[in-house]
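S.K.: Mind having a look at this structure? Questions to follow.
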Ligand code: NI
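In this note's numbering, the protein residues as written are 2 to 257.
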C-alpha cells in the first residue's frame with residue numbers, strides 16, 4: 002500500500018466529490034494519507050478529516066504564504082489542535098521567496114515559532130521551501146532535530162542540498178514534478194537520496210504527475226511518483242511502496 006505523505010484533500014477543489022475521492026483510496030492502493038494544513042481553517046479541516054477516516058492523519062500549521070496576519074493566538078490554537086490524537090506533525094511551514102506573498106522577515110519569524118512549537122510538542126515538521134534554501138537551512142541549523150525530525154516536502158533542489166538535508170536528519174519527499182518530461186535533473190537527485198530517507202507525496206490538488214498533468218491531482222496518483230522512483234533506481238515499485246510506507250510511519254509515529 003502507498004502512503005501519500007502530503008495531501009490537501011480538504012481543499013475547495015474537492016468540494017463536489019470529496020467523500021467519493023477519499024473513499025476510493027483503499028481500493029486504489031493508498032493505505033495512508035497525511036493531510037496537511039496551510040492556514041488555520043485548513044488545519045482545522047485536516048483534523049476533521051483525520052477524525053472521520055481511519056487512514057487519514059493530520060498536520061497543522063501555517064504556510065509561509067499565509068503568515069502575514071498570523072498571531073500568537075493562532076499559535077496557541079495550533080497547539081490545542083496538535084493535542085488531537087491523529088495530529089502527527091506541524092506543517093506545512095517554511096519560507097517561500099518565489100511568490101513572496103508574505104514579507105520575508107515575517108516568514109522567518111513564524112517559521113521559527115512553529116518549529117519551536119513542534120519541538121515543544123515533540124512533533125516532526127513538514128517543511129515548504131521555495132527559492133529560499135539557504136535561509137531555510139540556516140534556520141533549521143539553530144535547532145536540535147535528533148528527537149523530532151521532519152521532511153523537506155516537494156523537494157526540487159540539487160543532490161548536494163539533498164545530502165545536506167539528510168545529514169541534518171530529515172527525510173526528502175518527492176512529488177509529481179519528478180515525472181515531468183522536462184525534469185532532467187530529477188533522476189540523479191532521486192538516486193542520490195538514501196532509500197531510508199525517501200518519502201512520496203502528491204501535494205494534491207496541485208502538481209499532478211504525468212500522465213494526468215493539467216488535471217486535478219489526488220492521492221491515488223502518488224503511484225506514478227512511486228513508479229518513477231522505481232524506474233530511476235532500477236528497483237521494483239513494491240520496494241518503493243514498502244520502504245516509503247515504513248519511512249512515513251516512522252517519521253509520523255504511526256503504528257497502524
Ligand atoms: Ni502542500
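Built from N, CA and C at the ideal position, the CB exists for glycine as well.
1. Run the CB neighbour count on residue 172, radius 10 Å, all protein chains shown included, and call it buried at 16 or more, exposed below.
2. Measuring alpha carbon to alpha carbon, tell me which of 56, 54, 72, 53 ends up nearest residue 62.
3. Leaving out five residues before and five after residue 180 in sequence, what residues of the same chain have Cβ atoms less than 7 angstroms from its Cβ?
4. DSSP beta-bridge partners for residue 37?
5. Our contact map puts residue 22 next to residue 219 with C-beta atoms below 8 angstroms; I'd like the distance itself, whole angstroms only.
6. Inspect the CB distances between the stretch 117-135 and the stretch 145-160 and report whether three or more fall short of 8 angstroms.
7. Let me make sure I understand the geometry here. Which of 93, 43, 164, 40 has the alpha-carbon closest to that of residue 7?
8. Provide the residue span of the beta strand (DSSP E) that contains residue 200, from first to last.
9. Quick one: which unbroken alpha helix (DSSP H) runs of 4-plus residues sit fully inside the stretch 209-240? Chain order, please.
10. For residue 132, verify whether its CB is less than 7 angstroms away from any heavy atom of the ligand NI.
11. By a C-beta neighbour count over all protein chains shown, 10 Å radius and 16 as the cutoff for buried, is residue 75 buried or exposed?
12. Would you kindly report the start and end of the unbroken beta strand (DSSP E) that includes residue 93?
13. Could you tell me if residue 253 is buried or exposed, where buried requires 16 or more neighbouring beta carbons within 10 angstroms of its beta carbon?
M.R.: To lay it out plainly:
1. buried
2. Nearest to residue 62 by alpha-carbon distance, out of 56, 54, 72, 53, is 72.
3. These residues qualify, in order along the chain: 210, 211, 225, 226, 229.
4. 60
5. 5 angstroms
6. Contact between the stretch 117-135 and the stretch 145-160 is present: three or more C-beta pairs spanning the two stretches fall below 8 angstroms.
7. Of the listed residues, the one whose Cα sits closest to residue 7 is 93.
8. For residue 200, the uninterrupted beta strand (DSSP E) segment begins and ends at 199-201.
9. 223-234
10. no
11. That one is buried.
12. 88-97
13. By the neighbour-count rule (16 or more Cβ atoms within 10 Å), residue 253 is buried.
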